[in-house]
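S.K.: I have a structure I would like to understand better, so I am pasting it below and will then ask my questions one at a time.
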Amino acid sequence: MKTALDCVPCFVRQVLDASRMVSADPALHQQMVRELLHWTAEMDLDQPPPVLGQRLHRRLREISGVADPYRAEKNRLNRMAMGVVSRIEARMRMAQNTLTTAVQLAIAGNVIDLGASASITREDVLRSVDQALAEPLTGDQDRFRQAVGSARQILYLADNAGEIVFDRLLIEALSPDRVTLAVRGAPVINDATMADAQAAGIHRICSVIDNGSDAPGTLLDDCSRVFRQRFMEADLIIAKGQGNFETLSESPYPVFFLFKVKCPVIGAHAGLPVGTHVLARSRAAP
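Residues in the sequence shown are numbered consecutively from 332, following the numbering used here.
Here it is in structure tokens:
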């Protein structure tokens, strides 16, 4: 996916949110915004948005000296999600189709995205759960079920802290012994890292690796050799969130994307209205 001009205001908001999170110094806020605007004047619009996102968050960590600016928020979101999930697990047990319900709940968790919104509340998450279970799931569910049924090795690409708690429900429905969960290799926004997978208890039910990258998406050339090998060997890749969709939507590999459309740019690329809960397949996959 290419970067749209409409992504620029989102980058500005995001860098302001992040810089204010790590420092009360207006000089740092101004420096980050000025550097971002300079980069946007020269950026390659043919690259996906996470390329610039990776650069700006690396720079923020560098000049602030804070290795993980969102750590406190990620801890809060994990705790909040654990509390919410404990309320809805009964709905999973009562579901007629466990896999479909698990997919819907995993997508509901995608609302926990500080790259798209500066603040996420418990009410936001509960509202997203109700909406996901009430509305139809957009996508080829039959093909997804077939892919799940025949897969021997499933690679699950996580997106955000907090959201990863909802991913556990789907991983349990997929048979965890054939699933490998991949998290980010280093902190970026509130994207999930190994610490978040452990907070959700996923390391106790399936294999967990990191992708070796600090991009808010999956830039294969920036990922580790171990991750790329798992990626190439997987029979089925489940990619959560808009960042993974932005970087892998044209992938020739067997990728299914699970996300909520949260902005018009993603909506235009997916051909779907904002708010849609999506189960989409990579366009270039055989």
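We treat Cβ as the ideally placed atom computed from N, Cα and C, and that holds for glycine.
Is the region 433-441 in contact with the region 488-499, if contact means three or more CB pairs nearer than 8 Å?
M.R.: The region 433-441 is in contact with the region 488-499.
S.K.: Under 8 Å, with one C-beta from each stretch per pair, do the region 424-433 and the region 561-571 reach the 3-pair mark?
M.R.: Touching, no, given that fewer than three Cβ pairs across the two stretches are closer than 8 Å.
S.K.: Less than 8 Å between the beta carbons of Asp-277 and Arg-515, yes or no?
M.R.: Since the first residue shown for the chain is 332 and the last is 617, residue 277 is missing from the structure and cannot be characterised.
S.K.: Inspect the beta-carbon positions of Ile-485 and Val-510 and report whether they are closer than 8 Å.
M.R.: In this structure, Val-510 lies closer than 8 Å to Ile-485 by Cβ.
S.K.: Can you tell me the Cα-Cα spacing of Phe-587 and Arg-535, whole angstroms?
M.R.: If you take the alpha carbons of Phe-587 and Arg-535, they lie about 24 Å apart.
S.K.: Does the region 493-507 come into contact with the region 573-586, if we say contact requires no fewer than three beta-carbon pairs (one atom in each stretch) closer than 8 Å?
M.R.: Cβ pair count under 8 Å is below three, so no.
S.K.: Check for me: the beta strand (DSSP E) holding His-534 runs from which residue to which?
M.R.: First-last for His-534: undefined, no H or E at that position.
S.K.: Would you tell me roughly how many angstroms separate the C-alpha atoms of Asp-552 and Met-425, rounded to the nearest one?
M.R.: The straight-line gap from Cα to Cα measures roughly 43 Å.
S.K.: Going by DSSP, what residue range makes up the beta strand (DSSP E) through Leu-368?
M.R.: Segment 357-373 is the alpha helix (DSSP H) holding Leu-368; no beta strand (DSSP E) there.
S.K.: Assuming Pro-400 and Gly-548 form a contact by the criterion Cβ under 8 Å, report the distance between their Cβ atoms to the nearest whole angstrom.
M.R.: Between Gly-548 and Pro-400 the Cβ distance is about 18 Å, and since that is not below 8 Å, they are no contact.
S.K.: Leaving out five residues on either side along the sequence, give the residues of the same chain with a beta carbon under 6 Å from the beta carbon of Pro-357.
M.R.: No residues qualify anywhere along the chain.
S.K.: Would you call the region 377-392 in contact with the region 465-475, where contact means no fewer than 3 C-beta pairs closer than 8 Å?
M.R.: Judged by Cβ distances under 8 Å, the region 377-392 makes no contact with the region 465-475, as fewer than three pairs qualify.
S.K.: When you compare the CB positions of Leu-445 and Ser-395, do they come within less than 8 Å of one another, or not?
M.R.: Cβ atoms of Leu-445 and Ser-395: not closer than 8 Å.
S.K.: Would Ala-447 and Cys-594 be called neighbours here (beta carbons separated by less than 8 Å)?
M.R.: Yes, Cβ-Cβ distance for Ala-447 and Cys-594 is below 8 Å.
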